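J.: Submitted below is the structure of interest, expressed as structure tokens.
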Amino acid sequence: MSCRCGGMAAYTRRYSGQSLCGPCFASSIEKKAARTLSRYGMARRGETVAVAVSGGKDSLALLQVMSRLSSSRGFGIRAVTIDEGIPGYRDEALDIASRFCRDMGVRLDVLSYSGLFGTTLEEALDTEGRQTSCAICGTLRRRALDIAAREAGADALATGHNLDDVLQTFLINVISGDTGRIGWMDPGARPDPPRRIKPFCEIYEEEIVFYALTTGIPFQTEPCPHMGEGVRTEVREFLNSLEGRHAGMKNAMYGSVLRLAGMARGADTREGAVCPGCGFRCTGGTCSVCGMLGQLGNANIPTRPGIGR
Ligand code: SF4
Ligand SMILES: [Zn+2]
Ligand SMILES: [Zn+2]
């Protein structure tokens, strides 16, 4: 099968039938991400974007794409990494992330759960046995990244979440009855800095994997030892099995998620609430981070810069 340039095709998009060689495929991913950036006003001329880098394929691919787009679009980039304190896993990822950032000429800042919250993920798991590792880790990571982006003076915080991640999160919110979070999935939500942006939110996960492989990005393949403890793995398999039988189903579902998120955001009257404990924006009352850190007893609660306690 041939690519549109006449070269040998290396990848076929089942949902569109398009076949592309490696370089044309890589360029199509960069153009897709650029279109998403423009469509939602994710990164503007003169702004600084902090790219969350974990050492995995999505985040390193994102750093490469954002670095390539930054000069033509006139925004600056910084990289931020969070060390959760997962023995034997995060050290390798940190090594890969810092080497890649150095090669790309991008400054990397590393913040840790222990430095920010006074506890590593493993210590938190020993104290708080009722919640899954990913529930604790995800809550703390969102806050840690927010703080890292603020400290970097960033206008936006870019994460490597792809279309599959967005669909999984939507279904998990529905399954767990956490429908209040659906409004936050609107790409236009949270206009105050650092805005959360997901430049890969319209790209299939398997396309990001192929982009990373075809452009030679050295990503970490070792999964986190806690991977698979939550419901996300089952939701991922369910969506992949549907897509396998009905090519394009993920794209169609993404359109529905966008519409529902827009409606939910318009109906959410709690959007402007601020947590009395830390000063960060939340959906009302004490935020999930303060609630979790309170249960852990020995942890610090970092306040929003400029907010005293
Ligand atoms: S798999 Fe879960 S515990 Fe591991 S890094 Fe991801 S969110 Fe954290
Ligand atoms: Zn080609
Ligand atoms: Zn709080």
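If you read the sequence shown in our numbering, its first letter stands for residue 332, the second for the next number, and so on.
Cβ coordinates follow ideal geometry from the N, Cα and C atoms, glycine included.
Being a predicted model, the structure only gives us computed values, none of them experimental.
What residue does the beta strand (DSSP E) around V380 start on, and which one ends it?
T.: Start at 1 with the first residue of the sequence shown, and residue 380 comes out as number 49. Per DSSP, V380 belongs to the beta strand (DSSP E) from T379 to A383.
J.: Just the C-alpha distance for V380 and D496, rounded to the nearest angstrom, thanks.
T.: Locating residue 380 in the sequence shown gives position 49, where the first residue counts as 1. Locating residue 496 in the sequence shown gives position 165, where the first residue counts as 1. Each residue's Cα considered, the two are about 21 Å apart.
J.: Give me the residue from I528, E453 and P354 with the minimum Cα distance to T490.
T.: For the purposes of this step, residue 490 is taken as the residue at position 159 of the sequence shown. It is I528.
J.: Give the straight-line distance between the Cα atoms of S619 and C606, rounded to the nearest whole angstrom.
T.: The residue you call residue 619 lines up with position 288 of the sequence shown. The residue you call residue 606 lines up with position 275 of the sequence shown. When rounded, the distance between both Cα atoms is 9 Å.
J.: Just to confirm, are Y420 and G579 a CB contact at a threshold of 8 Å?
T.: The residue labelled residue 420 in the question sits at position 89 within the sequence shown. The residue labelled residue 579 in the question sits at position 248 within the sequence shown. No. Outside cutoff.
J.: Cβ of E415 within 7 Å of any heavy atom in ligand 1?
T.: To locate residue 415, count along the sequence shown from 1; it is residue 84. Yes, since a heavy atom of ligand 1 falls inside the 7 Å radius drawn around the Cβ of E415.
J.: When burial is assigned at 16 or more other CB atoms within 10 Å of the CB, is S403 buried or exposed?
T.: Within the sequence shown, residue 403 is the residue found at index 72, counting from 1. Exposed, since its Cβ has fewer than 16 Cβ neighbours within 10 Å.
J.: Could you give the distance in angstroms between the alpha-carbon of S390 and the alpha-carbon of T617?
T.: Taking the first residue of the sequence shown as position 1, residue 390 is located at position 59. Taking the first residue of the sequence shown as position 1, residue 617 is located at position 286. Cα to Cα, the separation comes out at about 31 Å.
J.: Rounded to whole angstroms, what is the Cα-Cα separation between V648 and G449?
T.: In the structure displayed, the chain extends from 332 to 640; residue 648 sits before or after that span and is not available.
J.: Does ligand 1 have even one heavy atom less than 7 Å from the beta-carbon of G469?
T.: Taking the first residue of the sequence shown as position 1, residue 469 is located at position 138. Residue side-chain check: G469 places its Cβ nearer than 7 Å to a non-hydrogen atom of ligand 1.
J.: How many Å lie between T614 and C334 at the Cα?
T.: The count along the sequence shown starts at 1 and reaches residue 614 at position 283. The count along the sequence shown starts at 1 and reaches residue 334 at position 3. In a straight line, the C-alpha of T614 is about 49 Å away from that of C334.
J.: Which residue comes first and which comes last in the alpha helix (DSSP H) that contains D414?
T.: As a first step, residue 414 must be located in the sequence shown, where it is residue number 83. Run containing D414: none in the alpha helix (DSSP H); it sits in the beta strand (DSSP E), G407 to D414.
J.: Residues around ligand 2, please: the ones whose beta-carbon is closer than 5 Å to some heavy atom of it, in chain order.
T.: C334, C336, G338, C352 and C355
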